[in-house]
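Participant:
This is how it looks when you write it as structure tokens:
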């Protein structure tokens, strides 16, 4: 089995982690093929990231603009070719460009027969309209691909494997977290999820240009619950997405609505059995885990992953508040999503999908290769 992978926006928040993760999983799965990255300007972060990736997993570099080739070579990097060469050399394409910039890469990928995977922020309807405006004929199959539910491998890998798409859109970081929690809650009779996501509005490498007390509360529901609703059609979602000017993880405060009597411990057990979900005790032998930053630090101490912080897991506090409302139970839950890495296993599963990797092997292969764990931290965890 051979499947070369190309990365657009290789130095982006999630993609530079996806490169390393995919290299590890590809080797574990016994899949051959190259890792290719498409370069633009040689700014400092791009040079640093390419240097690190070249040391760790031997990537091949291509340039978008021939005028930049000499500039990259001046810094000692070997350039394999140009824009078209990159797409020709890639069977699988992971597009991690900023939102609104995906269309030319989708178009080039399709023209070269690539399997195209996009991150959660892409607007497929806008991309479809742009492709049509550029003169591309939208086949019935491509139309289906652009309107199909989001790819969340833990739930719909087999369905996508049967559909044999050429384009998929992976769930975003917060949608991935909601989907994993939904997967755990569904067997208990989940009816609805409602509440608020405090989206972090500032990454470690950026400056938050706002007062620490300034939050954008958001108008109406965000895309996260709507996107999760394409995967779990039987669940109703009403989730606001606020923006908090911090570099802490996205923190969701959600109400899970169940039919009948459900106890917090029932949900904890189900969460602990769900892949890539870790329950963190609020009370821990006299110590209280109540601050998100402290929870992240405590969790990371037990792991060594390529670029820190690498938190692939959805972290859920066991401090769950139950509320009875007639025949329904509402469990109020706090959970943490690390934007930089939580969606990475799903990106890698999209690659395995493109290679036709067997559904019954995919999740175990990914979790073992990336050391993704599930269970109750720290003493009851398993891969």
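Residue numbers (the numbering used here): 97 to 479. Cβ atoms here follow ideal geometry from the backbone N, Cα and C, with glycine treated the same way. All values derive from a computational prediction rather than experimental measurement.
#1: In whole angstroms, give me the CA-to-CA distance for residue 382 and residue 408.
#2: Pull up the distance between the alpha-carbon of residue 222 and that of residue 274, whole angstroms please.
#3: Residues in the same chain with beta-carbon distance under 8 Å from residue 196, minus the five sequence neighbours each way, listed in chain order, please.
#4: Restricting to Cα atoms, I'd like to know which of 367, 342, 352 and 340 is closest to residue 421.
#5: Could you pull out every residue in the same chain whose Cβ sits closer than 6 Å to the Cβ of residue 290, ignoring the five residues on either side in sequence?
#6: Considering only the beta carbon of each residue, do residue 439 and residue 267 sit closer than 9 Å?
#7: Pairs of beta-carbons, one from the stretch 196–206 and one from the stretch 167–175, closer than 8 Å: are there three or more?
#8: Do residue 45 and residue 442 have their C-beta atoms closer together than 9 Å?
#9: Report the partner residues of residue 347 according to the DSSP bridge assignment.
#10: Please report the distance separating the alpha-carbon of residue 265 from that of residue 256.
#11: Just how far apart, CA to CA, sit residue 250 and residue 454?
#12: Pop quiz: residue 477 and residue 374 are said to be a contact at Cβ under 8 Å. What is the actual Cβ separation, rounded to whole angstroms?
#13: Look at the alpha carbon of residue 380 and the alpha carbon of residue 416, and state the distance between them as a whole number of angstroms.
#14: If you reduce the DSSP assignment to three classes, tell me which class residue 117 lands in.
#15: To which residues does DSSP link residue 420 through a beta bridge?
#16: Is DSSP giving residue 315 helix, strand or coil here?
#17: The alpha helix (DSSP H) spanning residue 167 covers which residue range?
#18: Pull up the distance between the alpha-carbon of residue 294 and that of residue 413, whole angstroms please.
#19: How many whole angstroms separate the CB atoms of residue 367 and residue 280, which I take to be in contact at a CB cut-off of 8 Å?
#20: Find out if the Cβ-Cβ distance for the pair residue 112, residue 465 is shorter than 9 Å.
#21: Assign residue 183 to one of three DSSP states: helix, strand, or coil.
#22: For residue 473 and chain C, any beta-carbon pair shorter than 9 Å?
#23: From 341, 317, 354 and 338, pick the residue whose C-alpha is nearest to that of residue 331; which is it?
#24: Could you tell me the alpha carbon to alpha carbon distance between residue 445 and residue 153, rounded to whole angstroms?
#25: Where does residue 478 fall in DSSP's three states?
#26: Where does residue 460 sit, in a helix, a strand or coil, going by DSSP?
#27: Give me the residue from 284, 410 and 108 with the minimum Cα distance to residue 193.
#28: Just to confirm my understanding: we take residue 232, look at its own chain, exclude 5 residues before and 5 after, and list those with CB closer than 6 Å. What are they?
#29: For the stretch 217–256, list the alpha helix (DSSP H) runs that are entirely contained and at least 4 residues long, ordered along the chain.
#30: State yes or no: is the C-beta of residue 238 nearer than 8 Å to some heavy atom of the ligand MN?
#31: Going by the CB atoms, is the gap between residue 358 and residue 238 shorter than 9 Å?
#32: Can you round the beta-carbon distance between residue 242 and residue 263 to whole angstroms, since I take them to be within the 8 Å contact cut?
#33: Would residue 339 pass as a contact of residue 297 if the rule is Cβ separation under 9 Å?
#34: So, using beta-carbon positions, are residue 348 and residue 433 closer together than 9 Å?
#35: Taking all protein chains shown into account, do 16 or more other C-beta atoms lie within 10 angstroms of the C-beta of residue 191, making it buried, or fewer, making it exposed?
#36: Whose C-beta lies closer than 8 Å to the C-beta of residue 362 among residues of the same chain, with five residues either side of it excluded?
Facilitator: On the basis of the data shown:
#1: Along the chain shown, read from residue 1 onward, the residue named residue 382 stands at position 286. Along the chain shown, read from residue 1 onward, the residue named residue 408 stands at position 312. Their Cα atoms are separated by approximately 27 Å.
#2: For the purposes of this step, residue 222 is identified with residue 126 of the chain shown, where counting begins at 1. For the purposes of this step, residue 274 is identified with residue 178 of the chain shown, where counting begins at 1. Taking the straight line joining both Cα atoms gives about 24 Å.
#3: Sequence index remark: in the chain shown, residue 196 carries index 100 (1-based). Contacts found: 219 and 222.
#4: The residue given as residue 421 occupies position 325 in the chain shown. Among 367, 342, 352 and 340, the Cα nearest to that of residue 421 belongs to 352.
#5: Your numbering for residue 290 matches position 194 in the chain shown. Answer for residue 290: 334 and 351, listed in chain order.
#6: If you number the chain shown from 1, residue 439 lands on position 343. If you number the chain shown from 1, residue 267 lands on position 171. Contact: yes.
#7: no
#8: Any question about residue 45 goes unanswered here, given that the chain covers just 97 to 479.
#9: Within the chain shown, the letter at position 251 stands for residue 347. In DSSP, residue 347 forms a bridge with 294 and 432.
#10: The residue you call residue 265 lines up with position 169 of the chain shown. The residue you call residue 256 lines up with position 160 of the chain shown. The straight-line gap from Cα to Cα measures roughly 11 Å.
#11: Translated into the one-based positions of the chain shown, residue 250 becomes position 154. Translated into the one-based positions of the chain shown, residue 454 becomes position 358. The straight-line gap from Cα to Cα measures roughly 13 Å.
#12: Numbered from its first residue, the chain shown carries residue 477 at position 381. Numbered from its first residue, the chain shown carries residue 374 at position 278. Right, their Cβ atoms sit about 7 Å apart.
#13: As a position in the chain shown, residue 380 is number 284, starting the count at 1. As a position in the chain shown, residue 416 is number 320, starting the count at 1. The straight-line gap separating the alpha-carbon atoms of residue 380 and residue 416 is approximately 15 Å.
#14: Working through the chain shown from its first residue, we reach residue 117 at position 21. Taken through DSSP and simplified to helix, strand or coil, residue 117 comes out as helix.
#15: Looking up residue 420 in the chain shown gives position 324. Residue 420 is bridged to 425.
#16: Taking the chain shown and counting its residues from 1, one reaches residue 315 at position 219. Residue state, collapsed to three classes: coil.
#17: Locating residue 167 in the chain shown gives position 71, where the first residue counts as 1. Where residue 167 is concerned, the enclosing alpha helix (DSSP H) stretches over 165–170.
#18: Taking the first residue of the chain shown as position 1, residue 294 is located at position 198. Taking the first residue of the chain shown as position 1, residue 413 is located at position 317. Distance between the alpha carbons of residue 294 and residue 413: 16 Å.
#19: Along the chain shown, one-based indexing puts residue 367 at 271. Along the chain shown, one-based indexing puts residue 280 at 184. Sure, about 5 Å apart at Cβ, within 8 Å.
#20: Against the chain shown, residue 112 aligns to sequence position 16. Against the chain shown, residue 465 aligns to sequence position 369. No, these two residues do not count as a Cβ contact at 9 Å.
#21: As a working mapping, residue 183 is identified with position 87 in the chain shown. Secondary structure at residue 183: helix, using DSSP grouped into helix, strand and coil.
#22: Reference to chain C is not applicable here, since this structure consists of a single protein chain.
#23: Translated into positions along the chain shown, residue 331 becomes position 235. Nearest C-alpha to residue 331: 354.
#24: Reading the chain shown from its first residue, position 349 is the one you call residue 445. Reading the chain shown from its first residue, position 57 is the one you call residue 153. About 19 Å.
#25: Reading the chain shown from its first residue, position 382 is the one you call residue 478. If DSSP states are grouped into helix, strand and coil, residue 478 belongs with the strands.
#26: For this step, residue 460 is matched to residue 364 along the chain shown. Helix, per DSSP.
#27: The residue labelled residue 193 in the question sits at position 97 within the chain shown. Considering only alpha carbons, the answer is 108.
#28: Indexing the chain shown from 1 puts residue 232 at position 136. If you ignore the 5 residues before and after residue 232, its C-beta comes within less than 6 Å of no other C-beta in its own chain.
#29: 220–229 and 236–243
#30: Absence of the ligand MN from the depicted structure is noted, as is the absence of any ligand whatsoever, leaving it without description.
#31: Residue numbering aside, residue 238 sits at position 142 when the chain shown is read from its first letter. Residue numbering aside, residue 358 sits at position 262 when the chain shown is read from its first letter. Against a cut-off of 9 Å, the Cβ pair of residue 358 and residue 238 comes out as no contact.
#32: Residue numbering aside, residue 242 sits at position 146 when the chain shown is read from its first letter. Residue numbering aside, residue 263 sits at position 167 when the chain shown is read from its first letter. Going by Cβ atoms, the distance from residue 242 to residue 263 rounds to 6 Å, so yes, they are a contact pair.
#33: Taking the first residue of the chain shown as 1, we reach residue 339 at position 243. Taking the first residue of the chain shown as 1, we reach residue 297 at position 201. In this structure, residue 297 lies closer than 9 Å to residue 339 by Cβ.
#34: Taking the first residue of the chain shown as position 1, residue 348 is located at position 252. Taking the first residue of the chain shown as position 1, residue 433 is located at position 337. Closer than 9 Å, so yes.
#35: On the chain shown, position 95 is the one that residue 191 refers to. With 16 or more Cβ atoms within 10 Å of its Cβ, residue 191 is classed as buried.
#36: Taking the first residue of the chain shown as 1, we reach residue 362 at position 266. 284, listed in sequence order.
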